[in-house]
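Chemist: Let me give you the structure first, and then I'll get to my questions.
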Amino acid sequence: MESRPKSAQIRLKTGFFVLILALISGTIFNAFAQEEHGAPAGEHKAPGVSEVIIEHVMDNHMWHFFDGGTLYLPVIVYTEERGLDVFSSHHFYDEHHNRVEYNGYRLDHNKIYLGETPVLDFSITKNVMMLFINAGLLLFVLISVSRAYRRNAGKAPKGLQSFIEPIILFVKDEIVKPNIGPKYERYLPYLLTLFFFILFGNLLGLLPGSGNLTGNIAVTMTLAVFTFLITNVSGNANYWKHILWTPGVPLPLRVIILPVEIIGIFTKPFSLMIRLFAAITAGHIVLLSLISLTFIFQSWLVGVGSAIFVLFISLIELLVAGIQAYVFTLFTSLYIGLAVEESHGDGH
Amino acid sequence: MELLTPGSGLIFWQAVVFLGLFFLLSKLAWKPILTSLKERETSIQAALDAAEKAKEEMASLKAGNEKLMKEAREERDKILREARDAANRIHDDAQAAAKHNADRMLEDAKAMINSEKQAAMKDVREIVAKFSLEVAEKVIKKNLSSDKAQQELAQGFAKDIKVN
Chain X
0 MESRPKSAQI RLKTGFFVLI LALISGTIFN AFAQEEHGAP AGEHKAPGVS EVIIEHVMDN
60 HMWHFFDGGT LYLPVIVYTE ERGLDVFSSH HFYDEHHNRV EYNGYRLDHN KIYLGETPVL
120 DFSITKNVMM LFINAGLLLF VLISVSRAYR RNAGKAPKGL QSFIEPIILF VKDEIVKPNI
180 GPKYERYLPY LLTLFFFILF GNLLGLLPGS GNLTGNIAVT MTLAVFTFLI TNVSGNANYW
240 KHILWTPGVP LPLRVIILPV EIIGIFTKPF SLMIRLFAAI TAGHIVLLSL ISLTFIFQSW
300 LVGVGSAIFV LFISLIELLV AGIQAYVFTL FTSLYIGLAV EESHGDGH
Chain C
0 MELLTPGSGL IFWQAVVFLG LFFLLSKLAW KPILTSLKER ETSIQAALDA AEKAKEEMAS
60 LKAGNEKLMK EAREERDKIL REARDAANRI HDDAQAAAKH NADRMLEDAK AMINSEKQAA
120 MKDVREIVAK FSLEVAEKVI KKNLSSDKAQ QELAQGFAKD IKVN
């Protein structure tokens, strides 16, 4: 039992290595091919694999499902000179799908400029749409679950309720309670919202054609900032004493300890931001790279192989979706727990 | 790199939507769900506690019963012992009374015998005295030859009677 998963893991690792090698060589080959042929025939300039991948994991002002199936999302921009402007992102493209200027606004690398100055962009982008969908789904699922509690009061949970309840109990009893301690109930709504938001966001992000919401650094940054604010606002005297005047440290060492502790306040949420962003984006990049292999080699044999690997990696990504939601919530509770912890009395 | 620069618009929407989601879910989902979970937890705990209490009550009831039984048994033993003692005492008293009666009767009989004896002795003495007188009379009647001898004899008799 023990050796089997291990050998499978080793095999997977070697497989990975070969694939990455193939990917690198493929990219080089592709680049050479492009250089030899120049721009391929047709109006479309075939972008390099890495650009396609980056474009897929990035935010966008339109939602491209398939060729011809593009949803042009609304653009909302604010400039001091023109005020608030709302228009469809379709205006940035002419009938031949070439990028054009609209009303003085220019779209370049997903950033909108008025002339040469960047504007404040509040557009409903692909990720904002994903955000709305995620929020809507969460509201729908969790409110219907809470209705089920009212309906089956005093009875055993059933249906969706019995699927969500263990997750809520897991978050409450395994993550929040042991890490925060007796005052955990105050923070439970935030941590539950956080967990479900990340979990659903991760899972939705794995759907074909969907946006990479939780793998976007703006999203993870906002979540990390909330954690940062909650941690430091609820920090008690003991917490600040540990940071500013760490007990049991000789005076000369304080010169080093104090800056370290102060930097620590910021590195904690920073690590949360980077971890979620990197884990989810990396997963998407791996999946897209594997899919791209088929197009690099232009061979159905590679297609079959990559499809099998994509299946495996997708399963791993499902696992990662849960793990990252767990880890973000776990570390947030840990930080809050440290901030609200009462002094042990042993000066430690 | 583009991937690492957070877009201001997304930050804005994320903050707004997440805060909205937090407040809505707190009010509409987490609060009712967590309250129901807590209610269920407390009701299960209460049921367990009640079962435990019932068990304890049963045990104490059993102990009470046993105590009652023990007390009843002791009471019975005590009553039996007292009854036996009472019977013994009555028996002893009766025996003592009978003995007393018998002793008294014996005493009475002895006293009676004594007084009868005295009376008989008195009678005997009287009879003897009378008889002596008769004897003396007969002797006097027969031997009045010597006055002196006769007197001495009579005095001797009288002396003897006195002594007796």
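Line by line, the protein sequences are chains X and C.
For the first sequence, numbering that gives the first Met the number 0 assigns the number 0 to the initial residue and increments by one for each residue that follows.
For the second sequence, numbering that gives the first Met the number 0 assigns the number 0 to the initial residue and increments by one for each residue that follows.
For glycine and all other residues, C-beta sits at the position ideal for the given N, C-alpha and C.
The structure presented is a predicted model; accordingly, all values stated were derived computationally and were not measured.
Determine, using beta carbons only, whether X:H60 and X:T116 come nearer to each other than 8 Å.
Modeler: Stepping through the first sequence from its first residue, residue 60 of chain X is reached at position 61. Stepping through the first sequence from its first residue, residue 116 of chain X is reached at position 117. Not closer than 8 Å, so no.
Chemist: Starting from X:P165, follow the alpha helix (DSSP H) in both directions and report where the run begins and ends.
Modeler: Here residue 165 of chain X refers to the residue found at position 166 when the first sequence is read from its first residue. Per DSSP, X:P165 belongs to the alpha helix (DSSP H) from 159-169.
Chemist: Going straight from the alpha carbon of X:I273 to that of X:S342, what length do you get?
Modeler: Counting from 1 along the first sequence, the entry for residue 273 of chain X is found at position 274. Counting from 1 along the first sequence, the entry for residue 342 of chain X is found at position 343. Roughly 31 Å between the two C-alpha positions.
Chemist: Checking the sheet assignment: what are the DSSP bridge partners for C:H99?
Modeler: For the purposes of this step, residue 99 of chain C is taken as residue 100 along the second sequence, with counting starting at 1. For C:H99, which the question treats as bridged, DSSP gives no partner whatsoever.
Chemist: Note down, in chain order, all residues in the segment 119-138 of chain X with a beta-carbon under 9 Å from any beta-carbon belonging to chain C.
Modeler: Answer in chain order: L119, D120, F121, S122, I123, T124, N126, V127, L130, F131, N133, A134, L137, L138.
Chemist: X:V74 bridges to which residues according to DSSP?
Modeler: Position 75 of the first sequence, counting from 1, holds the residue named residue 74 of chain X. Answer is X:F86.
Chemist: Using a cut-off of 7 Å between C-beta atoms, extract the partners of X:H108 located in chain C.
Modeler: Working through the first sequence from its first residue, we reach residue 108 of chain X at position 109. In chain order: E1.
Chemist: Along the segment 182-214 of chain X, where does the CB come closer than 7 Å to a CB of chain C? Name the residues.
Modeler: Flagged, chain order: L187, P188, Y189, L191, T192, F196.
Chemist: Which term fits X:L130, buried or exposed, when burial requires 16 or more other beta carbons within 10 angstroms of its beta carbon?
Modeler: Position 131 of the first sequence, counted from the first residue, corresponds to residue 130 of chain X. Label assigned to X:L130: buried.
Chemist: Would C:G6 count as contacting chain X if we go by Cβ distances under 8 Å?
Modeler: Position 7 of the second sequence, counted from the start, is the residue given in the question as residue 6 of chain C. Interface residue, yes.
Chemist: By the three-class DSSP mapping on this structure, what secondary structure does X:P258 have?
Modeler: Reading the first sequence from its first residue, position 259 is the one you call residue 258 of chain X. Correct three-state label for X:P258: helix.
Chemist: Who are the neighbours of C:S35 on chain X, taking C-beta pairs under 7 Å?
Modeler: Here the question's residue 35 of chain C lines up with position 36 in the second sequence. The contacting residues are Y148, A152.
Chemist: Can you have a look at C:M111 and say buried or exposed, based on whether 16 or more other CB atoms are within 10 angstroms of its CB?
Modeler: Along the second sequence, one-based indexing puts residue 111 of chain C at 112. Classification of C:M111: exposed, given that the 10 Å Cβ count is below 16.
Chemist: Run the CB neighbour count on C:D91, radius 10 Å, all protein chains shown included, and call it buried at 16 or more, exposed below.
Modeler: As a working mapping, residue 91 of chain C is identified with position 92 in the second sequence. That one is exposed.
Chemist: Give me the Cβ distance between X:R149 and C:P31, rounded to the nearest whole Å; I'm assuming they're in contact under 8 Å.
Modeler: Translated into positions along the first sequence, residue 149 of chain X becomes position 150. Translated into positions along the second sequence, residue 31 of chain C becomes position 32. Contact holds; Cβ gap of about 6 Å.
Chemist: Just the Cα atoms here: how many angstroms apart are X:A152 and C:S35?
Modeler: Here the question's residue 152 of chain X lines up with position 153 in the first sequence. Here the question's residue 35 of chain C lines up with position 36 in the second sequence. Distance between the alpha carbons of X:A152 and C:S35 is about 7 Å.
Chemist: Residues of chain X with a CB under 9 Å from the CB of C:I10: which are they?
Modeler: As a working note, residue 10 of chain C is residue 11 in the second sequence. What C:I10 touches in chain X: A217, V218, M220, T221, V224.
Chemist: Could you give the distance in angstroms between the alpha-carbon of X:Y334 and the alpha-carbon of X:A236?
Modeler: The residue labelled residue 334 of chain X in the question sits at position 335 within the first sequence. The residue labelled residue 236 of chain X in the question sits at position 237 within the first sequence. So the alpha carbons of these two residues sit roughly 15 Å apart.
Chemist: Which partner residues does X:T116 have in the DSSP bridge list?
Modeler: Here residue 116 of chain X refers to the residue found at position 117 of the first sequence. Answer is X:L113.
Chemist: Excluding the 5 residues preceding and the 5 following X:N109 in the sequence, name in chain order all residues of the same chain whose CB lies nearer than 7 Å to its CB.
Modeler: Within the first sequence, the letter at position 110 stands for residue 109 of chain X. Excluding positions up to five away in sequence, the list reads M57, D58, N59, H60.
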